[in-house]
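Novice:
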Amino acid sequence: MKLRMVVCENRHKIPEKTNGAIFPEQVEDIFNFGKLYQTADKKIPQNCGYLELYITGLTPCVLAIAAVCHNRGIALDCLHYNREDGKYYVQSLW
310 MKLRMVVCEN RHKIPEKTNG AIFPEQVEDI FNFGKLYQTA DKKIPQNCGY LELYITGLTP
370 CVLAIAAVCH NRGIALDCLH YNREDGKYYV QSLW
């Protein structure tokens, strides 16, 4: 299954249709890395084989998502927004 998700809800406008956010807009404790991993692990369906992730901030959340994808063998492409030209640029991790 291919998914297109954002890291955190409502932090940035995402024009493309997505399958929702992995984290809420406000994350209670960005230094509780175990809980961040658990949240990402629960939110990403087990049958996901490819994730396009729109990076909306909070590096610890992004890294938790990357760890889940790595551990489960999920292909991960991160999309970064360029304010100057209004386009997203893909960074393929694996």
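Under the numbering used here, the first residue of the sequence shown is numbered 310, with each subsequent residue one higher. The beta-carbon is built from N, C-alpha and C at its ideal position, and this holds for glycine as well. As the structure is a computational prediction, the values presented were derived from the model and not from experiment.
#1: Of the choices 345, 314, 382, whose alpha-carbon is the least far from that of residue 335?
#2: Let me know if residue 368 comes out buried or exposed under the rule of 16 or more other beta-carbons within 10 Å of its beta-carbon.
#3: Name the residue from 355, 364, 356, 330 whose alpha carbon lies nearest to the alpha carbon of residue 396.
#4: I think residue 371 touches residue 353, with their Cβ atoms under 8 Å apart; what is that distance to the nearest whole Å?
#5: List, from N- to C-terminal side, the beta strand (DSSP E) runs of 3 residues or more that fit wholly inside the segment 318 to 372.
#6: With a threshold of 7 Å on Cβ separation, who are the neighbours of residue 310 within its own chain once the five nearest residues in sequence on each side are excluded?
#7: When DSSP labels each residue in this structure, what does residue 313 get in the three-state scheme?
#8: Looking at the strands, I want to know which residues DSSP matches up with residue 379.
Specialist: On the basis of the coordinates in this document:
#1: By one-based count along the sequence shown, residue 335 stands at place 26. If we check each option's Cα against that of residue 335, 345 comes out closest.
#2: Here residue 368 corresponds to residue number 59 of the sequence shown, with the count starting at 1. Label assigned to residue 368: exposed.
#3: As a first step, residue 396 must be located in the sequence shown, where it is residue number 87. The residue with the shortest Cα to Cα distance from residue 396 is 364.
#4: Here residue 371 is taken as the residue at index 62 of the sequence shown, counted from 1. Here residue 353 is taken as the residue at index 44 of the sequence shown, counted from 1. So it is not a contact: roughly 13 Å between Cβ atoms.
#5: Segments of the beta strand (DSSP E) lying fully in the segment 318 to 372: 330 to 332, 359 to 363.
#6: Here residue 310 refers to the residue found at position 1 when the sequence shown is read from its first residue. Excluding positions up to five away in sequence, the list reads 354, 356, 357, 358.
#7: Reading the sequence shown from its first residue, position 4 is the one you call residue 313. It is a strand residue.
#8: Translated into positions along the sequence shown, residue 379 becomes position 70. Beta-bridge annotation (DSSP): residue 379 is not paired with any residue.
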